[in-house]
Structure formats: structure tokens, C-alpha cells
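S.K.: Below is a structure I'd like to ask you about.
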């Protein structure tokens, strides 16, 4: 799941299974994946493998296959998001300005992106094993108005940032930029991009800001199931070209996110 290697604060992982609050532990387990046919399992855990069939053989796809965790790795990483008396996972605080943000020693990872790109939905999926942790999600763009902090035991803190673009908070710049530029324990930024529309002007501005900060960051491509293969591959190739030619701090591999409702279970794939 996505939390793989977050404890080492390197790159994101491959899959989160988020369930309804009923039977959450049973539905969230990745153990079920081991019972799938190998081809189906490969397509679910690594969605780019299904897209390769639509690409010309001359296209270099190396950067889409750099990070390839096993199911066993994902199962182990899932435990990081299981709360226990010695590993408490909870919502901590919300802040509108940096002087409201507490000083924390543990590493932080933050999620940024355009309004309605799926930040809060992703974070809610991360906390599927701890349904008591409330992450509010809305279909209305600009729902998140503050910086929301969630503690994952003593391992790290997850920060849900307000979205930029349409209906962004009026004080978005005063809120987000100081955090990104001055937060000393920020070790990874995850920049979410809508795969159905590709990089927008606001995304490029955010990317330039990440480059200016010079902290490691990762591109997450959301909503890959909301468009056809041709549109998605065009957007992915354009994004990959930007990463290759205009970035120096971005992890070379973009991570693909697809959300599907299956019965009572919401599955978010990477």
C-alpha cells in the first residue's frame, strides 16, 4: 500500500484498500490479493502494465517501473497504519497559519494538488484501518480550508494541505508557501495531478515551487479510470517529459491512482 517505505521516508508505494467502517480489518487486508490469478494481480497492483500494450515499443517505460514492491512488502507496510496502544494513529490539529502549527520532531509528509484532485480521499484511504480517524471528503472543490495534521504513531505525520486553483482559500499562499519553505521536518511532498486532464497551469506552478524548495517530492496521478487509454497515455507521456526535462528533485516514477467502488469496499490502486 501507499505507506510502504514511508517509515524510511523515501518513495510512495503501490496500493491502499479502503473499506467501509463495517468489517474494515477483513476488507482492508492485502492478503486476499495473493489468491488472485497472477495476470489479474499484476494488472491491479501495477496498473501501468495494462497500459503498456497501447504504447509503441520504441517508448521508454523504464521510469514507470523503478519501484516494484511485492505483495508481501505491501502487507507488511499495511501494519504501519494499524493503530495499537503503542502506535496511536489520530487526527492531531488543524492550522491556518504557520504560527498555529505545532513544533513536531517526527518527520512529516504532505499532500498538495488542485482542488478536488483527490487528496482527502487518498488520506482517508490511508487511514482505512483506523476508521475512528475522521478525514472529511467532499465532492465540492475547495472543501479543505486548513492544513490538517494526522499522527501515525511516532513514525511520521501526514499533512493534508488545502487545494490550489478553483475555490482555494483566500489565504492559500500565506498558508501553504511558508509551510513548504520553512518546515524543517518535512521530508517528502506528494504532488497530485488529475490524470484525466493532465498537467494544468496551476500544477506547473506548484511543480516549480517544489523545485525551488529542493526537497524530494513525488508525482501522484489520480483518476486514471476517468478517461480513455489514449487520453491517459498522452497525459502521462507529457507529464513524464516534464519530469525528465524540468525537474531535479522529483522521483522519476509517477504513481498511478485508480478508485473503484466494489460492493461495500472502496479500493484505491497505485
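Numbering (full-length UniProt numbering), first residue to last: 1 to 270. No residue lacks a Cβ here, since even glycine has one placed at the ideal position from N, Cα and C.
#1: With respect to the alpha helix (DSSP H) encompassing residue 209, which residues constitute its N-terminal and C-terminal limits?
#2: Taking only the alpha-carbon atoms, compute the straight-line gap between residue 20 and residue 128 and give it to the nearest angstrom.
#3: Return the CA-CA distance between residue 176 and residue 161, expressed in angstroms with no decimal places.
#4: Are the C-beta atoms of residue 216 and some chain D residue less than 7 angstroms apart?
#5: Given a cut-off of 7 angstroms, decide if residue 190 and residue 111 are closer than it, judged by their beta-carbon atoms.
#6: The alpha helix (DSSP H) spanning residue 179 covers which residue range?
#7: Take residue 242 as the anchor and find which of 205, 228, 231 has the nearest alpha-carbon.
#8: List the endpoints of the continuous alpha helix (DSSP H) containing residue 43.
#9: In three-state DSSP terms, what is residue 268?
#10: Given this structure, state the Cα-to-Cα distance separating residue 236 from residue 198, to the nearest angstrom.
#11: Taking contact to mean 3 or more Cβ pairs, one atom from each stretch, closer than 8 angstroms, check whether the region 181-189 and the region 73-91 are in contact.
#12: Quick one: what's got a C-beta closer than 8 angstroms to residue 277's C-beta in the same chain, skipping five residues either side?
#13: Count the other CB atoms within 10 Å of the CB of residue 35; is the residue buried (16 or more) or exposed (fewer)?
#14: Do the CB positions of residue 156 and residue 107 come within less than 7 angstroms of each other?
#15: Cα separation between residue 270 and residue 165?
#16: Tell me whether residue 86 sits in a helix, a strand or coil according to DSSP, three-state version.
#17: Identify whether residue 221 lies in helix, strand or coil by the three-state DSSP scheme.
#18: Roughly how many angstroms separate the alpha carbons of residue 238 and residue 93, rounded to a whole number?
#19: Exposed or buried, what is residue 97 when buried is set at 16 or more other beta-carbons lying within 10 Å of its beta-carbon?
M.R.: Taking the structure as given:
#1: In the chain shown, counting from the first residue as 1, residue 209 sits at position 209. From DSSP, the alpha helix (DSSP H) with residue 209 extends over 201-213.
#2: As a working note, residue 20 is residue 20 in the chain shown. As a working note, residue 128 is residue 128 in the chain shown. Because residue 20 sits at a pLDDT of 34, beneath the cut-off of 50, its placement in the model cannot be relied upon, and the following sentence gives the value as read from the coordinates. Distance between the alpha carbons of residue 20 and residue 128 is about 8 angstroms.
#3: Taking the first residue of the chain shown as 1, we reach residue 176 at position 176. Taking the first residue of the chain shown as 1, we reach residue 161 at position 161. About 7 angstroms.
#4: Considering every chain present, this structure includes no chain D. It has just one protein chain.
#5: The sequence position of residue 111 within the chain shown is 111, counting from 1. The sequence position of residue 190 within the chain shown is 190, counting from 1. Yes. Within cutoff.
#6: For the purposes of this step, residue 179 is taken as the residue at position 179 of the chain shown. 172-182 is the extent of the alpha helix (DSSP H) around residue 179.
#7: Against the chain shown, residue 242 aligns to sequence position 242. For residue 242, the nearest C-alpha among the options comes from 205.
#8: Position 43 of the chain shown, counted from the first residue, corresponds to residue 43. First-last of the alpha helix (DSSP H) with residue 43: 38-45.
#9: Your numbering for residue 268 matches position 268 in the chain shown. A caution first: residue 268 carries a pLDDT of 46, below 50, which makes its placement in the model unreliable, though a value can still be read off. Strand, per DSSP.
#10: The residue given as residue 236 occupies position 236 in the chain shown. The residue given as residue 198 occupies position 198 in the chain shown. C-alpha separation (whole angstroms): 7 angstroms.
#11: no
#12: Any answer about residue 277 is impossible in this case: the structure gives the chain only from 1 up to 270.
#13: As a first step, residue 35 is located in the chain shown; it is residue number 35 there, counting from the start. Exposed: under 16 other Cβ atoms inside 10 Å.
#14: As a position in the chain shown, residue 156 is number 156, starting the count at 1. As a position in the chain shown, residue 107 is number 107, starting the count at 1. Contact flag set, yes.
#15: Your numbering for residue 270 matches position 270 in the chain shown. Your numbering for residue 165 matches position 165 in the chain shown. Caution is warranted here: a pLDDT of 47 is assigned to residue 270, below 50, making its placement in the model unreliable, and the coordinate value is therefore given only provisionally. Their Cα atoms are separated by approximately 25 angstroms.
#16: As a first step, residue 86 must be located in the chain shown, where it is residue number 86. Reduced to three states, the DSSP call for residue 86 is coil.
#17: One-based indexing of the chain shown puts residue 221 at position 221. Reduced to three states, the DSSP call for residue 221 is strand.
#18: The residue given as residue 238 occupies position 238 in the chain shown. The residue given as residue 93 occupies position 93 in the chain shown. Roughly 37 angstroms between the two C-alpha positions.
#19: Residue 97 sits at position 97 when you count from the first residue of the chain shown. That one is exposed.
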